[in-house]
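Written out below as C-alpha cells is the structure these notes cover.
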Amino acid sequence: MPYRLLSTKKYSAFVDEKIKTENLEHEPKDWLAVYLPVAEVKGNDYKQIKNSYVPAVLYWGWNSTIECETDPYTTGNFIKAGIFQAADNLDLRSKLKDKQLVIDLKQVPGKFLYENKGNAIFLVFAYTTSAVAAVSPYPITLYAEYQLKENGEVVAHGSGVIQKKAQPVRNMWKSSKKFTWMYLDEYKKESNRMGTELVKNIIKQIKS
C-alpha cells in the first residue's frame, strides 16, 4: 500500500509534542505591558477537512487534509517574546519618555493546513504514484491595539497590522512528523519576527 491515512489524533500528537503551551517569563517592566488574546490556555484545535481513500483494482487515491489552529495563548507568547526582545534592542524605554506602553494583541496568526493527497496507478509489473504533501499557513495577519499612558491617563492610542510572511513547507522525503516540525520551527521564528515588527511600527507612530 503506497499510503496510509493520517488521523487528527495522530497528527495532533506530532504538533502537541513540538509546540507545547508556554508561559514565557519576562522581566516585569513598568513601562511596557502586553496582553494576550486569551487569558488562559485553550489548547490546539484540529479539524479533519478531508479524509478519503479509494482502493480500486488499478487505481488508488487518497486525500488527508487537516486544519490546525495553535493555541492563541501559545502563539501570543511567542509574539510577546519578540516584543520584549525588540523593546530592549531598540531602546523603546527612552523613546516612550517616561510614559507606559500597553499593547493588546487582538488577533494572532496560528492556523495552518496539513495536506497529503495523491494517487497510484497500477501497471502490469509496477505502479506509478503522484503525491503532494505540504503544510500551508492561512493568510492571517497580526492585529494589535496600543495605548500610551502618562500617570495612568491615556495620552495616545493606535493600532498595528503586521503581515505574515510564512511560506508553505513541502515534504521533501521526510516523515509527516519531521516536515511538520520543520514548519513549526519556522512558525515560532515568524511569530517572534512579527512581535519585533509590531514594536517598530508603534515606534514610528509615536514619533509622527
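In terms of the working numbering, the sequence shown opens at residue 5 and continues consecutively. Note that CB positions come from ideal geometry on N, CA and C, so glycine has one too. Please read all numbers here as calculations on a predicted model, not as lab measurements.
*Mind checking V38: buried by the 16 CB within 10 Å criterion, or exposed?*
The residue labelled residue 38 in the question sits at position 34 within the sequence shown. Flag for V38 reads buried.
*Under a Cβ-count criterion, where at least 16 other Cβ atoms within 10 Å of its own Cβ denotes burial, should A17 be classed as buried or exposed?*
Taking the first residue of the sequence shown as 1, we reach residue 17 at position 13. It is exposed - the Cβ of A17 has fewer than 16 other Cβ atoms within 10 Å.
*asked:* Given a cut-off of 9 Å on the beta-carbon distance, is the pair D75 and K110 in contact?
replied: Reading the sequence shown from its first residue, position 71 is the one you call residue 75. Reading the sequence shown from its first residue, position 106 is the one you call residue 110. In this structure, K110 does not lie closer than 9 Å to D75 by Cβ.
*In the DSSP assignment, what are the bridge partners of E157?*
The sequence position of residue 157 within the sequence shown is 153, counting from 1. Note: E157 sits in a beta bridge opposite E154.
*Which residue comes first and which comes last in the alpha helix (DSSP H) that contains L202?*
As a working note, residue 202 is residue 198 in the sequence shown. Segment S180 to K211, the alpha helix (DSSP H) holding L202.
_If I follow the unbroken beta strand (DSSP E) through Y39, where does it start and stop?_
Numbered from its first residue, the sequence shown carries residue 39 at position 35. Taken as a continuous stretch (DSSP letters only), the beta strand (DSSP E) holding Y39 covers L36 to Y39.
*Can you name the start and end residues of the beta strand (DSSP E) that I107 belongs to?*
For the purposes of this step, residue 107 is taken as residue 103 along the sequence shown, with counting starting at 1. Note, I107: beta strand (DSSP E), Q104 to Q111.
*Give the secondary structure of Y142 by DSSP, where H, G and I count as helix, E and B as strand, and everything else as coil.*
The count along the sequence shown starts at 1 and reaches residue 142 at position 138. Correct three-state label for Y142: coil.
*Give a yes or no on whether the C-beta atoms belonging to N196 and I107 are separated by under 9 Å.*
Position 192 of the sequence shown, counted from the first residue, corresponds to residue 196. Position 103 of the sequence shown, counted from the first residue, corresponds to residue 107. No. Outside cutoff.
*Label A90 either buried or exposed according to how many other C-beta atoms from any shown protein chain fall within 10 Å of its C-beta, with 16 as the threshold for buried.*
By one-based count along the sequence shown, residue 90 stands at place 86. Answer is buried; the Cβ neighbour count reaches 16.
_Between the CA atoms of Q167 and V42 - distance to the nearest angstrom_ = Counting from 1 along the sequence shown, the entry for residue 42 is found at position 38. Counting from 1 along the sequence shown, the entry for residue 167 is found at position 163. C-alpha separation (whole angstroms): 21 Å.
*Please report how far the alpha carbon of Y270 lies from the alpha carbon of T12, in whole angstroms.*
The question about residue 270 has no answer, for the chain in this structure spans 5 to 212.
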